[in-house]
């Protein structure tokens, strides 16, 4: 109950994030919510950041590591990692393209946290998307859930907390992904609610930790 939070934040940077959400794009709203959310994490938190769309990490690889998981109050090049993450998120959400590679990304993110699991922390994945899987040759949702169930280990509890942005997000798929790992799923039906939803997800991690 006293373990600090260690989370890999995974954000959708597909082209649909440009869509208008009441005068501002989904990406702009997510950017503001994410920067605000960074400040809500306790100082002993460790965070990493991935972006995903299609081929974001190269041909056939929908995800790309932008910042490895590290304590947010440590410094990289003399700059707090919390500020490094803020700049990385801002840059990512200005470079939007392609479709959504959801399933392969979710599995890879879970495996990354599993392989680097730190028992001194409460480990998790926080995944945000406004769409559904659009990679024709990816694993299926059933295969993803099956893989997550196979890898699930009581000694390495790693919930995936999913956040759907707008009603375009595949709520059923996100719920199944979260449930397979003991996590929770949240949907911001109005993109303007992203900030409140993100804080609920952060609160879920704080309470769980």
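Numbering (full-length UniProt numbering), first residue to last: 1 to 209.
From the three backbone atoms N, C-alpha and C, an ideal C-beta is built for every residue, glycine too.
Here the structure is a predicted model, which means the values were calculated and not measured.
Proximal residues to residue i (C-beta, below 8 Å), its chain only, five neighbours per side dropped
i	result
residue 107	139, 144, 147 and 148
residue 59	none
residue 8	47, 48, 49, 50, 69, 109, 112, 113, 124, 125 and 126
residue 98	14, 15, 53, 54, 55 and 56
Where residue i sits in the DSSP three-state scheme
i	result
residue 134	coil
residue 24	coil
residue 10	strand
residue 151	helix
residue 78	coil
residue 142	helix
residue 129	strand
residue 70	strand
residue 92	helix
residue 100	coil
residue 47	strand
residue 181	helix
Of the listed residues the options, nearest to residue i (C-alpha basis)
i	options	result
residue 86	133, 30, 185 and 186	30
residue 170	128, 158 and 37	128
residue 180	152, 196, 166 and 194	152
residue 10	62, 19 and 136	62
residue 39	117, 76, 166 and 84	84
residue 132	79, 167, 200 and 75	167
residue 105	77, 174 and 20	174
residue 32	78, 88, 154 and 75	88
residue 25	76, 96, 155 and 176	96
residue 116	156, 176 and 77	156
Under 9 Å between C-beta atoms of residue i and residue j
i	j	result
residue 190	residue 23	no
residue 158	residue 103	no
residue 34	residue 198	yes
residue 67	residue 44	no
residue 6	residue 122	yes
residue 101	residue 134	yes
residue 94	residue 136	no
residue 120	residue 42	no
residue 193	residue 19	no
Own chain, CB closer than 6 Å to residue i, minus 5 neighbours either side, in chain order
i	result
residue 71	46
residue 187	164 and 171
Contacts around residue i, its chain only, beta-carbon distance under 7 Å, and the 5 residues preceding and following it disregarded
i	result
residue 36	195
- Query: Is the segment 10-18 close to the segment 52-62, with three or more CB pairs under 8 Å?
  - Reply: yes
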